[in-house]
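With UniProt numbering, letter number 291 in the sequence shown gets 291, and the count goes up by one each step, no holes.
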Amino acid sequence: MKWQGRRQSSNVEDRRGQSGPSSGGGFGGISPMLLIPLVRMLFSKKGLIVVGIVVLLSVVTGYNPLNLISKFLGGGPIQTESSNYQPTEKDEELAQFSTTILASTEDVWNQLLTNYREPTLVLFTGSVASACGAASSATGPFYCPGDEKLYLDLSFFDEMERQMNAPGDFAQAYVIAHEVGHHVQKIMGITDKMQQLRSQLSETEYNKYSVRLELQADYFAGVWAHHSQQMTQMMESGDLEEALNAANAIGDDRLQKQSTGRVVPDSFTHGTSEQRMRWFKKGFVSGDVSKGDTFNANPL
Numbered sequence: 001m002k003w004q005g006r007r008q009s010s011n012v013e014d015r016r017g018q019s020g021p022s023s024g025g026g027f028g029g030i031s032p033m034l035l036i037p038l039v040r041m042l043f044s045k046k047g048l049i050v051v052g053i054v055v056l057l058s059v060v061t062g063y064n065p066l067n068l069i070s071k072f073l074g075g076g077p078i079q080t081e082s083s084n085y086q087p088t089e090k091d092e093e094l095a096q097f098s099t100t101i102l103a104s105t106e107d108v109w110n111q112l113l114t115n116y117r118e119p120t121l122v123l124f125t126g127s128v129a130s131a132c133g134a135a136s137s138a139t140g141p142f143y144c145p146g147d148e149k150l151y152l153d154l155s156f157f158d159e160m161e162r163q164m165n166a167p168g169d170f171a172q173a174y175v176i177a178h179e180v181g182h183h184v185q186k187i188m189g190i191t192d193k194m195q196q197l198r199s200q201l202s203e204t205e206y207n208k209y210s211v212r213l214e215l216q217a218d219y220f221a222g223v224w225a226h227h228s229q230q231m232t233q234m235m236e237s238g239d240l241e242e243a244l245n246a247a248n249a250i251g252d253d254r255l256q257k258q259s260t261g262r263v264v265p266d267s268f269t270h271g272t273s274e275q276r277m278r279w280f281k282k283g284f285v286s287g288d289v290s291k292g293d294t295f296n297a298n299p300l
């Protein structure tokens with residue numbers, strides 16, 4: 001994949017070497033020294049006004065409301081705990097690669113969707129806090145619709161190569177493009193409809209919709225690859241096969257077979273290996289966003 005020397009996205013938060021909010025010694029990561037003036041302020045008339053302003057500003061700007069409260073109290077931003085993390089040369093290359101792929105998705109989706117909002121990529125190590133809750137590296141890459149951010153621990157790429165037998169830079173690009181696909185679903189209103197369904201359906205029935213949601217994200221990843229290749233010619237011989245191999249490696253049936261020795265279709269949430277490969281390739285071949293309606297596809 002010819003990605004070096006291309007534009008890198010500025011929509012990146014590098015939280016590598018930081019931990020998520022501490023589970024002890026405070027309240028949701030707030031220093032105990034801040035709690036006393038915070039409580040006093042909240043129960044005052046002035047505090048109610050401040051809280052209203054803080055909530056409004058946090059909604060408009062996306063800024064951490066705890067940091068806004070801290071500023072009202074005369075303090076600085078609330079910091080997470082840091083470690084002596086020192087990125088390796090390989091880590092830095094993967095970070096540059098990931099921001100380059102994110103930039104490519106921005107170029108493609110800004111062209112395809114008139115109302116596209118560029119998401120933020122959060123790089124982290126170990127654990128991270130998001131609007132969707134705390135998560136560890138074991139969760140794998142994920143998209144949080146609550147803050148419209150993609151979360152990625154770069155060690156996942158090493159895991160893909162060593163444990164899943166899915167090496168290659170285009171396999172890694174597919175992972176990022178898939179998460180961006182979920183952001184596209186958020187913009188199109190599909191994610192909100194899914195959230196409404198969650199309380200109306202049984203777990204088994206909801207899982208069926210979840211599979212369709214994930215396969216559509218695979219399709220959108222293929223759409224990105226189609227247009228990115230037309231715009232930049234980044235793909236090289238063997239790249240498409242790398243992406244298809246990665247899609248095959250993370251199919252529900254294959255992962256279940258490897259972990260438990262048996263396959264339980266009712267518990268599928270992402271789709272089979274065959275489905276994931278097929279929908280990614282369909283998106284790559286067509287490049288047409290409108291042809292990715294997995295929710296009405298029959299058979300899937």
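Quick reminder that beta carbons are idealized off the backbone N, C-alpha and C, glycines included.
Buried or exposed for residue i, going by 16 or more other Cβ atoms inside 10 Å?
i           : result
residue 245 : buried
residue 151 : buried
residue 280 : buried
residue 302 : In the structure as shown, the chain begins at 1 and stops at 300. Residue 302 is therefore absent and cannot be evaluated.
residue 94  : buried
residue 264 : exposed
residue 143 : buried
residue 215 : buried
residue 285 : exposed
residue 266 : exposed
residue 276 : buried
residue 252 : buried
residue 185 : buried
residue 189 : exposed
residue 172 : buried
Going straight from the alpha carbon of residue i to that of residue j, what length do you get?
i           : j           : result
residue 140 : residue 114 : 30 Å
residue 6   : residue 228 : 12 Å
residue 272 : residue 119 : 28 Å
residue 17  : residue 163 : 24 Å
residue 301 : residue 261 : As displayed, the chain neither begins before 1 nor continues past 300, which places residue 301 out of reach and without an answer.
residue 154 : residue 213 : 24 Å
residue 29  : residue 134 : Because residue 29 carries a pLDDT of 34, less than 50, the predicted location of this residue cannot be relied on, and the following value inherits that uncertainty. Using only the alpha carbons, I get a separation of about 12 Å.
residue 192 : residue 198 : 10 Å
residue 232 : residue 101 : 12 Å
residue 4   : residue 234 : 9 Å
residue 270 : residue 110 : 26 Å
residue 35  : residue 84  : With a pLDDT of only 38 at residue 35, under 50, the local geometry of the prediction cannot be trusted, and the value read off the model is given with reservation. About 28 Å.
residue 230 : residue 254 : 32 Å
residue 283 : residue 205 : 26 Å
residue 175 : residue 250 : 10 Å
residue 88  : residue 200 : 47 Å
residue 183 : residue 145 : 7 Å
residue 177 : residue 104 : 9 Å
residue 8   : residue 196 : 36 Å
residue 187 : residue 112 : 12 Å
residue 209 : residue 116 : 24 Å
residue 121 : residue 257 : 32 Å
residue 289 : residue 298 : 18 Å
residue 181 : residue 218 : 7 Å
Return the residue from the list the options that minimises the CA-CA distance to residue i.
i           : options               : result
residue 130 : 149, 137 and 298      : 149
residue 226 : 92, 243, 8 and 215    : 243
residue 128 : 300, 15 and 290       : 15
residue 1   : 97, 88, 87 and 122    : 97
residue 125 : 138, 215 and 205      : 138
residue 274 : 9, 294 and 247        : 247
residue 179 : 209, 157, 220 and 278 : 220
residue 11  : 90, 86, 92 and 123    : 123
residue 239 : 13, 158, 116 and 169  : 169
Is residue i near the ligand GTP, in the sense that its beta carbon is under 7 Å from a heavy atom of that ligand?
i           : result
residue 278 : Within the structure as shown, the ligand GTP is missing, as the structure has no ligands at all.
Can you name the start and end residues of the beta strand (DSSP E) that residue i belongs to?
i           : result
residue 300 : Looking at the DSSP string, residue 300 is not in any beta strand (DSSP E), and its letter there is neither H nor E.
residue 149 : 149-152
residue 14  : 12-15
Is residue i close to chain C, meaning its C-beta is less than 8 Å from at least one C-beta of that chain?
i           : result
residue 220 : Structure shown: chain C not included; a single protein chain is present.
If you follow the alpha helix (DSSP H) that residue i is part of, which residue opens it and which one closes it?
i           : result
residue 292 : First-last for residue 292: undefined, no H or E at that position.
**Report entry** Length-filtered (4 minimum) alpha helix (DSSP H) runs lying within the region 240-284
**Finding:** DSSP assignment within the region 240-284 yields the following whole alpha helix (DSSP H) runs of 4 residues or more, N-terminal first: 252-260.
Query raised in the report: Which ranges would you report for the alpha helix (DSSP H) in the region 80-137 if only whole runs of at least 4 residues count?
Result: 89-112
Requested in this report: Could you tell me which uninterrupted beta strand (DSSP E) segments, each at least 3 residues in length, are contained entirely in the region 147-202, listed from first to last along the chain?
Outcome: 149-152
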